[in-house]
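Participant: Residues in the sequence shown are numbered from 0 upward in steps of one, following numbering that gives the first Met the number 0. Backbone N, C-alpha and C define an ideal beta-carbon position, used for all residues, glycine too. This structure is a prediction, so every number in the text was calculated from the model and none was measured.
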Amino acid sequence: MMEVKAVIRPNKLAALRTALLGTPGFPGMTVSKVEGCSASSKTNKTTIKDELTDYSAKVRVEIVCNVEIAPVLMDRIVSVCQTGQMGDGVVHTST
0 MMEVKAVIRP
10 NKLAALRTAL
20 LGTPGFPGMT
30 VSKVEGCSAS
40 SKTNKTTIKD
50 ELTDYSAKVR
60 VEIVCNVEIA
70 PVLMDRIVSV
80 CQTGQMGDGV
90 VHTST
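1) Determine the direct distance from the alpha carbon of Glu67 to that of Cys36, and round the result to whole angstroms.
2) Whole angstroms is fine: what's the gap from Tyr54's alpha carbon to Gly86's?
3) Tell me the residue span of the beta strand (DSSP E) that contains Cys64.
4) Is the CB-CB distance between Val71 and Val30 below 7 Å?
5) Going by other Cβ atoms of all chains shown within 10 Å of its Cβ, with 16 needed for buried, is Gly21 buried or exposed?
6) Measure the C-alpha to C-alpha separation of Met73 and Val3 and round it to an integer number of angstroms.
7) Among residues of its own chain, excluding the 5 on either side of Ala5, which ones have a beta-carbon nearer than 6 Å to its beta-carbon?
8) Which word fits Gly88, buried or exposed, when buried means at least 16 other C-beta atoms lie within 10 angstroms of its C-beta?
9) Would you list the one or two residues that DSSP bridges to Val90?
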């Protein structure tokens, strides 16, 4: 068994849910509201206000699945949720 975790933009959750429900072998998912910020070296902070208000709302999706389907789910998450802009989030697996 593997766990696929993704931190995504909240506005992508509905589209992701639809895409995952259409994936054969999809076992279900847990969704949590989270907040986070990017590494300071990756963003250009010009004022102290920018540094203090860097936290943004995200959604964490967690899926426990068979090893065989994990790469398929990760590819689906990236294809649905990636915008190419800063703040897209992350996707990773753990055993």
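Facilitator: So, to answer that:
1) Residue 36 sits at position 37 when you count from the first residue of the sequence shown. Residue 67 sits at position 68 when you count from the first residue of the sequence shown. One C-alpha to the other measures close to 32 Å.
2) The residue you call residue 54 lines up with position 55 of the sequence shown. The residue you call residue 86 lines up with position 87 of the sequence shown. Tyr54 and Gly86: Cα-Cα distance of roughly 10 Å.
3) Position 65 of the sequence shown, counting from 1, holds the residue named residue 64. Start and end: 55-64.
4) Along the sequence shown, read from residue 1 onward, the residue named residue 71 stands at position 72. Along the sequence shown, read from residue 1 onward, the residue named residue 30 stands at position 31. The answer is no: Cβ separation not under 7 Å.
5) Residue mapping note: residue 21 aligns to position 22 of the sequence shown, counting from 1. The residue is exposed, with fewer than 16 neighbouring Cβ atoms inside 10 Å.
6) Taking the first residue of the sequence shown as position 1, residue 73 is located at position 74. Taking the first residue of the sequence shown as position 1, residue 3 is located at position 4. So the two alpha carbons sit approximately 7 Å from each other.
7) The sequence position of residue 5 within the sequence shown is 6, counting from 1. Only Val60, Ile76, Val90 meet the Cβ criterion.
8) In the sequence shown, residue 88 corresponds to position 89, counting from 1. Flag for Gly88 reads buried.
9) Walking along the sequence shown from the start, residue 90 turns up at place 91. Listed as beta-bridge partners of Val90 by DSSP are Ala5.
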